[in-house]
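J.: Counting in the numbering used here, the sequence shown runs from 417 upward without gaps.
C-beta: ideal position from N, C-alpha, C; glycine also.
In this text, all values refer to a predicted model and were calculated from it rather than measured experimentally.
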Amino acid sequence: MDEMNGAFEEKKRRKGGKRLMQPEKAAKAPKAPRAEKPPRVPRETSGKTGKVVGIVAGVLVVAYLGLGAWASASHKIYPNVMMGDTNYGGMTEQQVAEQLKASVAQAKGAGVDFILPDGTEVAHVSLDAMPEYVDFDGLAKHIYNVYGCNDSFLTAGAKYLRALFKPQDAAQVVGAAYSPDLMENLVDTVCDSINCDPVEFAINVTEDGKVSVTKPQDGRVTTDTARDQIGVYLNGAYLSGGDPSEIVLQPASEGGVYDIIPAQEVDLSAQREAVIGQKVNATYDKETGAVTPGHAGVEFTLSDLESAYNAAAAGETVELPNATVETPDVTAEQLQKVLFRDVLSTYTTKVGGTSGRRANVKLTASRITGYILNSGETMKYGPLVTPFTAANGYSTAPGYLQGKTVDMVGGGACQASSTLYAAALYANLEIVQRTNHGFASDYIGLGLDATVAQGGPEFEFRNNTMYPIKVIAEYYTSGGKDYLKVTLCGTKVDDTYVKIKTEVLETIPFTEEIVETDELAPGERKVEQTSTPATASSSRPHLRRAATIRRATASCSSASPRRSRRWTRGRPHLSIPARPRRRTRQRPSIPGRQLTRAPRPIPGPLPPA
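#1: So if DSSP puts I676 in a beta bridge, which residue, or which two residues, is it bridged to?
#2: Does DSSP put I847 in a helix, in a strand, or in coil?
#3: My output table needs one value for P799: the three-state DSSP class, helix, strand or coil.
#4: Skipping 5 residues on each side, what residues in its chain have a beta carbon closer than 7 Å to that of T630?
#5: Could you give the first and the last residue of the continuous alpha helix (DSSP H) run that contains G647?
#6: Could you pull the start and end residues of the alpha helix (DSSP H) that N496 belongs to?
#7: Helix, strand or coil: which one does DSSP assign to A807?
#8: Along the beta strand (DSSP E) that carries G769, what are the first and last residues, could you check?
#9: Please classify A839 as buried or exposed, where buried requires at least 16 other C-beta atoms within 10 Å of its C-beta.
#10: Among all the DSSP beta bridges, which residues are the ones paired with Q870?
#11: Between F875 and H711, what straight-line distance do the alpha-carbon atoms span, to the nearest angstrom?
#12: In the structure shown, what three-state DSSP assignment does D544 receive?
#13: Bridge partners for L571 per DSSP, in chain order?
#14: Nearest CA to the CA of P533: which residue from Q666, T912, V550 and Q752?
#15: G809 to L684, Cα distance in whole Å?
#16: Would you kindly work out how many angstroms separate the C-alpha atoms of G713 and S628, rounded to a whole number?
#17: Quick check on A586: does DSSP put it in helix, strand or coil?
#18: For E715, which beta-bridge partners are listed by DSSP?
#19: Given this structure, state the Cα-to-Cα distance separating V682 from T639, to the nearest angstrom.
#20: In three-state terms, what does DSSP make of C565?
#21: Give me, in chain order, the residues of the same chain whose beta-carbon lies closer than 6 Å to that of L436; leave out the 5 immediate sequence neighbours on both sides.
#22: Could you compute how far the alpha carbon of L836 sits from the alpha carbon of V848?
#23: For the candidate residues A518, A679 and T881, whose alpha-carbon lies nearest to that of G731?
#24: Would you please state the rounded distance, in angstroms, between the beta carbons of L760 and G906? I believe it to be under 8 Å.
#25: With respect to the beta strand (DSSP E) encompassing R894, which residues constitute its N-terminal and C-terminal limits?
#26: Look at the Cβ atom of G470, then the Cβ atom of K492, and state whether they are nearer than 7 Å.
#27: What is the residue span of the beta strand (DSSP E) that V825 lies within?
#28: Run the CB neighbour count on Q752, radius 10 Å, all protein chains shown included, and call it buried at 16 or more, exposed below.
#29: Within a Cβ cutoff of 6 Å, which residues of the same chain sit near E689, ignoring the five residues on either side of it in sequence?
#30: Considering only the beta carbon of each residue, do N776 and A813 sit closer than 7 Å?
#31: Can you tell me the Cα-Cα spacing of D898 and T821, whole angstroms?
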């Protein structure tokens, strides 16, 4: 025993001593590489797994065949065949017919709402309006033929499994079995409600002087198959007891019943620029003879327009805040009622002289009659009647030229301009330019004439009323004498009229000169036409009910002084002072001047002088 203990201690001592010597070693010897193990050879698959799979497959086949045989022999509807909230699964054909009767009775008093994807309701149909047409037994048979277990046991099993995991909607099948022609009115009502034109962008001025903005909205039009599809929807809801109570109508791109008509895109900045601006009164279209509507003056900011537009719903019209509106003084409706309603003035002159002069007066009258001036426009006499040439229809007649009376083409054309000028004075219109003759005219009073010539001088007046004016020039014969009458038709807005007062400011004497010449035969005499030079002023007080509103100088005319010359043969030169004619004041009696109250005027401001 002691020997064994001693051996153990010796072994322990040697082992410990060996451990103490290890740190003193210079390097540890590398381990020898381990030999790689040979790859394992897979063991052969046990035949038990194949047996299990075969057993499971066999069980499934047997189960499927059993399911198909059972389903085929059941003569019932496959599971999960739904119509509304009613599950027809597991029912026999007779039970389906009874359920259809109950559903139709339940549908009485119910209704269906047709809505758009955004929730907007477009139509509501009461199912009470559905026709009494239902062949319950026929529909039950139709449902059974589609969803009933009447196939072979192989097919019946597959259909049963499919219906078990995927519910079937019988409403589509039942609805398709019914012709929508039987409920044509109901289908048309829904289609008409779906169809709508696009709502385009618009900025309008309301009757109360506000600015409204309409946001655009797309339009809709039903497809060719929409009637059939809507008939299916209605029929399905009717046979389902009023379920579903809401039907969402989808666009054709989603398989629905209508196509979308897109509204135009809107550039708000451009739309604003097209609307804002000053007010414009209604005017008369001279080419078409129709009244052209005016528009109000509108102003608003682009930021206000954008805010109102973005806040509005599609198709909605909202009021634009902070917009200012200035309504026109004359609307199209007002103008249509009073167009050329009143005679503003009429002036008539007697036409004399040679046949050529009379022809010229008649021709110029025909070329100014019918002329129309809209509010603010001017009428120039010269461009309407010139050139004064034979090619333009004028004859040779006496006329004034460089202080003398000579024959010229177009002589007498100034009578129409003078008559028109007098009518414009009595109508209280603005005279833009006018020049008097060098001599006093015998067909019209002092200060009432207006001379014209090709290239100037010119006669021009302006329509300073708010309504259009038409010029009517009439050449006529009465009592063997010829006359020219000019009438200005327009619209009177008050009872103001004009009375012209002509005053001779100065008369200038002239001398008579006798000139001896050898160009005449003995005893023959030749006399130049004489006239009395004078300066005259015409004024037109504006009267209303015998009260003078204001007085304005209409014209100031001055006739140049000249001599009366007589040529004789064989007598000495002799100058004899002539006896001058004097006129102090002249109150011309003007045919046709308006001194009575005009017809009842329409409301409006007093026209300017």
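T.: Put simply:
#1: R636
#2: strand
#3: helix
#4: So the list reads V615, F617, A618 and T733, once near-sequence residues are dropped.
#5: A642 to L655
#6: Judged by DSSP secondary structure, N496 falls outside any alpha helix (DSSP H); it is assigned neither H nor E.
#7: The DSSP-derived three-state label of A807 is helix.
#8: From DSSP, G769 is part of no beta strand (DSSP E); its letter is neither H nor E.
#9: buried
#10: Residue pairing of Q870 in beta bridges, as defined by DSSP: absent, with no partner found.
#11: As the crow flies, the alpha-carbon of F875 is around 33 Å from that of H711.
#12: In the three-state reduction of the DSSP assignment, D544 falls in the helix class.
#13: Residue 571 is actually Thr in this sequence, not Leu. None, per the DSSP bridge assignment.
#14: Q666
#15: 57 Å
#16: 14 Å
#17: helix
#18: T740
#19: The straight-line gap from Cα to Cα measures roughly 27 Å.
#20: Reduced to three states, the DSSP call for C565 is coil.
#21: With a pLDDT of only 39 at L436, under the threshold of 50, the placement of this residue in the model should not be trusted; the figure read from the coordinates follows. None.
#22: Just so you know, the alpha carbons of L836 and V848 end up roughly 13 Å apart.
#23: A679
#24: 5 Å
#25: As written in the sequence, residue 894 is Ser, which differs from the Arg given in the question. Where S894 is concerned, the enclosing beta strand (DSSP E) stretches over I885 to S894.
#26: The Cβ-Cβ distance between G470 and K492 does not fall below 7 Å.
#27: In the DSSP annotation of this structure, the continuous segment of the beta strand (DSSP E) that includes V825 starts and ends at K820 to V825.
#28: By the 16-neighbour rule on beta-carbons within 10 angstroms, Q752 is exposed.
#29: none
#30: Yes. Within cutoff.
#31: In this structure, the CA atom of D898 is about 22 Å from the CA atom of T821.
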